[in-house]
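Residue numbers (my numbering): 276 to 631.
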């Protein structure tokens, strides 16, 4: 049956975004960069304390946003709570992108940058990592100076490559982007340590986003954060839905930031397990790339589909990223706890050709 009302022209040019596979429950989920240990017990207690009144009323934001802003070391007028990072990205695109504008991305990267830009009818300028997955800094700087795109989305560390743009190069990017809003997506900050957040008062064209989906383990509740200067935050409030963040997400986030030891403990566990996984991959002769995030990108070559299928039958899920690179072999491995990582390593040792 044909549609009575025609779709927007931009939709006719877009590819649909495919969400995570179903049937993941009960498996070792090393495929979507989630917290694999679960949130702090304090989070579960806070959710259990939600009253019928809190659940049946629209959520109130002011006190929660003040507390969360204090946790991140910013003022309340520099902060917006969002329905996951996706919502933060959409706010930015809704406020600044239009049919005549250009949006710069470095691919492969988080698919939602392109998705929201194309949905707005904007033109996407894509530069690419090279075969060694080095960040194309000079090409980015030249594009910023010559094309002056409306927006530049930078995942740092980048998903799916794991690469990190250091502070010195971030500074060069911001100085070159005089007519561009630079959005630094720090979804994996807790595993890397490099951040642009202290610079939001220095650069009027800087927006930083963070998420509670990764280190804090709240992916199922959807809570993100957007940081910028007060004028930018005020402008973005104009396109913000009034109740985009639900009461359960706010309660969980407040409990998570109160339990700082759980947040830092899980991040340390992942960094330690990442090192253990990288050493095992080198020992097995599996091609890998340096990562500052809670995952490692590898190239398993022509046997990747077979190995992924056999791991899945063992209850271990990894993420096939061949579509990002246009060839078979590319796989992203989420780093879980040290015990989960050792379980994966033992499975790879049995499946990988030539392993001893």
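Using N, Cα and C, we set each Cβ at its ideal position, and we do this for glycine too.
From a predicted model like this one, the values you see are computed outputs, not experimental measurements.
So is residue i buried or exposed if we call it buried at 16+ other beta carbons inside 10 Å?
i, result
"residue 315", "buried"
"residue 391", "buried"
"residue 579", "buried"
"residue 421", "exposed"
"residue 590", "exposed"
"residue 615", "buried"
"residue 493", "buried"
"residue 489", "buried"
"residue 383", "buried"
"residue 463", "buried"
"residue 473", "exposed"
"residue 405", "exposed"
"residue 325", "exposed"
"residue 518", "exposed"
"residue 413", "exposed"
"residue 495", "exposed"
"residue 365", "buried"
"residue 448", "buried"
"residue 514", "exposed"
"residue 555", "buried"
"residue 300", "exposed"
"residue 602", "exposed"
Between the Cα of residue i and those of the options, spot the shortest distance and give me the residue it belongs to.
i, options, result
"residue 511", "310, 590, 389 and 456", "456"
"residue 381", "415, 496 and 479", "415"
"residue 368", "492, 393, 574 and 566", "393"
"residue 327", "576, 523, 560 and 533", "523"
"residue 552", "601, 518, 622 and 585", "622"
"residue 558", "387, 535 and 627", "627"
"residue 508", "407, 598, 475 and 324", "475"
"residue 637", "575, 346 and 565", "In the structure as shown, the chain starts at 276 and stops at 631, and residue 637 therefore has no counterpart that could be examined."
"residue 506", "481, 487, 348 and 516", "481"
"residue 378", "533, 454, 515 and 535", "454"
"residue 398", "409, 419, 417 and 375", "375"
"residue 428", "309, 563, 385 and 331", "385"
What would DSSP say about residue i, mapped onto helix, strand or coil?
i, result
"residue 632", "This structure leaves residue 632 out entirely; the chain is present only between 276 and 631."
"residue 503", "coil"
"residue 595", "strand"
"residue 356", "strand"
"residue 339", "helix"
"residue 475", "coil"
"residue 321", "helix"
"residue 384", "coil"
"residue 311", "coil"
"residue 372", "coil"
"residue 401", "strand"
"residue 637", "The structure shown has nothing for residue 637, since the chain only spans 276 to 631."
"residue 407", "coil"
"residue 328", "helix"
"residue 575", "coil"
"residue 585", "helix"
"residue 554", "helix"
"residue 607", "strand"
"residue 626", "helix"
"residue 302", "coil"
"residue 602", "coil"
"residue 377", "strand"
"residue 349", "coil"
Who are the Cβ neighbours of residue i in its own chain at under 7 Å, not counting the five residues just before and after it?
i, result
"residue 521", "334"
"residue 583", "593, 595 and 606"
"residue 612", "311, 312, 544 and 548"
"residue 467", "432, 439, 567 and 568"
"residue 461", "431, 470, 483, 484 and 485"
"residue 435", "383, 572, 596, 599 and 607"
"residue 443", "none"
"residue 389", "380 and 399"
"residue 497", "358, 359 and 524"
Please list, in chain order, all residues of the same chain as residue i whose beta carbon is under 8 Å from its beta carbon, the five residues on each side excluded.
i, result
"residue 371", "425, 426 and 456"
"residue 344", "350, 351, 353 and 354"
"residue 303", "311, 590, 591, 592, 611, 615, 618 and 619"
"residue 284", "396"
Would you check whether the ligand HEM has a heavy atom nearer than 7 Å to the C-beta of residue i?
i, result
"residue 413", "The model on display carries no ligand, and the ligand HEM is accordingly not part of it."
Grab me the residues of residue i's own chain with a C-beta within less than 6 Å of its C-beta, minus the 5 sequence neighbours each way, in chain order.
i, result
"residue 363", "357, 484, 499 and 501"
"residue 479", "504"
"residue 530", "317, 318 and 321"
"residue 341", "351"
"residue 587", "none"
"residue 465", "490 and 542"
"residue 336", "none"
"residue 604", "574, 575, 576 and 579"
Checklist line | Entirely enclosed alpha helix (DSSP H) segments - the segment 480-536, minimum 4 residues | finding: 505-512 and 522-533
Checklist line | Whole runs of the alpha helix (DSSP H) within the segment 424-474, excluding any shorter than 4 residues | finding: 442-451
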